[in-house]
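Notes follow the structure.
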Ligand SMILES: Nc1nc2c(ncn2[C@@H]2O[C@H](COP(=O)(O)OP(=O)(O)OP(=O)(O)O)[C@@H](O)[C@H]2O)c(=O)[nH]1
Ligand code: SF4
Ligand SMILES: [Mg+2]
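Protein chains in written order, with our numbering: chain D, 46 to 648; chain S, 951 to 1325.
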């Protein structure tokens, strides 16, 4: 069915929701219903095309795809869908997707109700003037609470209960209603196909054969194949070698005009040349204006990444470069550590992002790495008035030279049931949080707003929150500002030797208990060796905590007869593999995972 | 040279430390024996061209077999192998099975060595381990064996037992000396998960000596054995001159052996290992259909090197430089590089072209082997 060319037959929308509320699954049903994806190509969460996304069952990147749908008026509409990730680490993906749309499907899991990211994503959409179509999803589940969730949504958005579409991504119920609502309620894009070109880049992907592919939304004008184009922010000029639309594969087109979503290939090999949020304009158009202000994604967490084998440093650099082609939010620069040799200080969007990068390094590049204790980015001012950005504890000047240190604070929202308020308050206070607001969304749901140090939440906060609320708490945050803090550098020593990779900046009030916990955790994590290992935590010269690991006395199997040989060889091979993942620090073998695991103090 | 191992997967009851898959019910005993007889006829090619030197009845508890069972098995073996050059034919026995009748029943057969599962000379230990025998039965069994026409015999001991003191261990060794055992296998107790013993220890109903004490037991044993003229020829095995276990040595020296019975392992002496299904009923059913139910594995040169290092490090003869360079210079280099820190800390020594673990090194045989592995 040929789609209508006129802009009035286009709808651009994204699917937004709290994590796991069923965005990708419902997208599958839309693709299926519109015949965009054949039965054979359809998998669960078809759009989650990275291996890691499929395995973890979460969306990491936004995914755009075009569909066609014949409406009651017998006209065929072009629907551009963008599925977005739900995890907080990737909320910047949502914000850029939203900028390319006129509307959004706001999904709410019928068994969960409104959660923290439901609200933050809703506000993002409202800020961008998007038409919101509220959808109660997963209505097939026996534990669906349709009435209660309806009430929550009505309260939150101020809509009419019958504006809410009921759907199930599992059974496909409600899918046609959603498609109709998209056509009826979301405004067609506006813009002038004859005006000077303005297209917003909302995503980019790297293809090893074709280079960087930029995804854009045309707001004004028309982009044509072979047209010279200019990226407004970088000021760089290219030729649009190929333009086209995004279906399961890329489909080249001679031109794309205002209102459309598509891709452009320019032969760029380095993703960093394409800034998501930048505007594509026509070369020679002196008057060209950007569509929106341009903002770089800022990393929230920093950690050192080191090759297990020092000889692999250059390979690691190469691998990180390649990863960056796919993931522009990853930043890194070389650093060195006494304990670990040469590596890179990398910036991540959050701990999940860090985990994903580490996993991709191992899977896609066969690079086993050591990740050091992560930290946030601090700001230090010296007595001489110098201003320093501290991305690693080892960059902190000597305390005697310091005037003050500031640490990043966040604005955190937690939605929970009233019965958990007490324990959540306690947790947040323990984490140096300041309660700002407490709002009852309904009688059974309350929203708590805290200002708290980012450093306190990046590591184990989320797990703690989940366990104290038995899963009934959702969490969202956004960076707020920097505040002065009484921070000290805590060092870890193994047999008297400083392990710089384990140093951390901690609040003075917590240094001692933190030091004790780290020493205890290291005692669990370090394998016994043939000698005694002393683990110490120190601030300056002062030892604040200590643990000892006794020497290993024996490592020998009693029996090794005919039936034991094969099994035992495999066992020792496994041990050898484990040893290969260890890093020698002084005389001590430290497992690769220890540097990260050491922070999971409460497990 | 080659050997045959026959696995008898039955015990009267299960010892608390045992993690073998075995059946305490004798229900399938006759079926399994019949199947073993048939398996003998199905597998004569495995050892083709190699002289049969040893036979070993292991388990489980082979001493639950009747003299008729043994006779059937030997007749069947005779039909497919020449038994003329047999050097050693061993039967593992539980002391309570070793009666005058039992010994008499084996008198006319090729059996010439008994391996007695003593474990401890103390009834308290034996009860704690849920062994079926008593101290008294141990001495009776040893008497009978010493007066039988067996050429050699051996006994098993376990140290590091729950609540075991050094005195208790030393007195076990004194008893061993008193009965003139020409060969000893002594094992540190290994607590395997999913055993009764594991459970008792978890529940703190039993207390194990700590690693330091167990290490001391081993050191005391090595010293004691040396003083009494035993050769410590494998980590867990000690022999008076001329009494080394020939069949077991073939495992460590890479000789071919054929395993018969459920769960039995075989090695072709070159690069194929295979093992029968462990499950008695499946084994019996498949064999009845004329099919030997096994899984096999082909060893790569690296696997062979790893096995060589793993088994030889446990032997007094050690790892031979010539053997390694025979596998390829790469292996020799790799080995030398990997063990150099252990040479430095004198856990291993090189002399006359052989690397041998020192007594201190014997406590770390696994660690040293895996360090030298290639993966
Ligand atoms: N019963 C039922 N299960 C559903 C439905 N929709 C999704 N699920 C299940 O919910 C889980 C999450 O679904 P996804 O589609 O991956 O959720 P998502 O919102 O895309 O998740 P993120 O991208 O990680 O934020 C999966 O296990 C789905 O099978 C539904 O309508 N009914
Ligand atoms: S006799 Fe041996 S095989 Fe049988 S139960 Fe005891 S330990 Fe296990
Ligand atoms: Mg998803």
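Here a beta-carbon is modelled for each residue, glycine too, at the ideal position from N, C-alpha and C.
- Residue 621 (chain D) reaches chain S at 1320, 1321, 1323 and 1325, counting residues in chain order whose Cβ is nearer than 8 Å.
- Spatial neighbours of residue 1171 (chain S) in its own chain (CB-CB distance under 7 Å, excluding positions within 5 residues in sequence) are listed in chain order as 1109, 1123 and 1136.
- Exclusion of the five residues before and after residue 97 (chain D) leaves 105, 401, 404, 405 and 408 as the residues of its chain whose Cβ lies within less than 8 Å of its Cβ.
- Residue 1198 (chain S) reaches chain D at 606, counting residues in chain order whose Cβ is nearer than 7 Å.
- Contact note: residue 617 (chain D) reaches chain S through 1260, 1316, 1319, 1320 and 1323, using a C-beta cutoff of 7 Å and chain order.
- With a cut-off of 6 Å, the C-beta of residue 68 (chain D) is classified as near ligand 3, since at least one heavy atom of the ligand falls inside that distance.
- Between residue 455 (chain D) and residue 423 (chain D), the beta carbon gap of about 14 Å keeps them out of contact (Cβ cut-off 8 Å).
- Per DSSP, the unbroken beta strand (DSSP E) holding residue 535 (chain D) starts and ends at 532-539.
- The closest heavy atom of ligand 2 lies less than 6 Å from the beta carbon of residue 965 (chain S).
- In this structure, residue 182 (chain D) has its beta carbon less than 6 Å from a heavy atom of ligand 1.
- Nearest neighbour of residue 376 (chain D) by Cα position, chosen from D:358, D:348, D:581 and D:263, turns out to be D:348.
- Take residue 1318 (chain S), set aside five residues on each side of it, and the residues of its chain with a beta-carbon closer than 8 Å to its own are 1263, 1289, 1292, 1297, 1298, 1307 and 1311, in chain order.
- Taking C-beta separations shorter than 7 Å and ignoring five residues to either side along the sequence, the partners of residue 82 (chain D) in its chain run 76, 91 and 293, following chain order.
- Interface with chain D (7 Å Cβ-Cβ cutoff): residue 1137 (chain S) is included.
- Counting only residues of its own chain and dropping the five nearest sequence neighbours on each side, residue 466 (chain D) has a CB closer than 8 Å to the CB of 483, 491 and 493.
- The beta carbon of residue 163 (chain D) sits no closer than 6 Å to any heavy atom of ligand 3.
- Between residue 1019 (chain S) and residue 1067 (chain S), the gap from beta carbon to beta carbon reaches 7 Å or more.
- A distance criterion of 6 Å places the beta-carbon of residue 1010 (chain S) in contact range of ligand 2, judged by its closest non-hydrogen atom.
- The beta carbon of residue 125 (chain D) sits closer than 6 Å to the beta carbons of 57, 111 and 306 from its chain, once the five residues preceding and following it are set aside; these are given in chain order.
- Inside the segment 536-608 of chain D, DSSP marks whole alpha helix (DSSP H) runs of 4 or more residues at positions 556-570, from first to last along the chain.
- The three-state reading of DSSP puts residue 1313 (chain S) in coil, since its state is none of H, G, I, E or B.
- Taken from the Cβ of residue 186 (chain D), at least one heavy atom of ligand 1 lies inside 6 Å.
- Taking a contact to require three or more Cβ pairs closer than 8 Å, the segment 179-195 of chain D and the segment 133-143 of chain D do not qualify as touching.
- Taking the beta carbon of residue 357 (chain D) as reference, no residue of chain S falls within 7 Å; the closest one sits roughly 17 Å away.
- Judged by beta-carbon spacing, residue 1010 (chain S) lies within the 7 Å limit of residue 959 (chain S), meaning their Cβ atoms are closer than that value.
- Residue contact check for residue 1077 (chain S) against chain D: no CB pair falls below 7 Å.
- Per the DSSP secondary-structure output, residue 1064 (chain S) pairs in a beta bridge with S:1041 and S:1103.
- At least one heavy atom of ligand 3 sits closer than 6 Å to the Cβ of residue 104 (chain D).
- DSSP places residue 163 (chain D) in the uninterrupted alpha helix (DSSP H) bounded by 161-172.
- For the 7 Å CB-CB criterion, residue 1304 (chain S) and residue 1276 (chain S) do not form a contact.
- Under the Cβ distance rule, residue 603 (chain D) counts among the residues neighbouring chain S, one pair being separated by less than 7 Å.
- Residue 1256 (chain S) reaches chain D at 614 and 618, counting residues in chain order whose Cβ is nearer than 7 Å.
- DSSP, read as helix, strand or coil, puts residue 965 (chain S) in coil.
- The continuous alpha helix (DSSP H) containing residue 1273 (chain S) extends over residues 1271-1277.
- Placement of the Cβ of residue 213 (chain D) at a distance of less than 6 Å from at least one heavy atom of ligand 1 is found.
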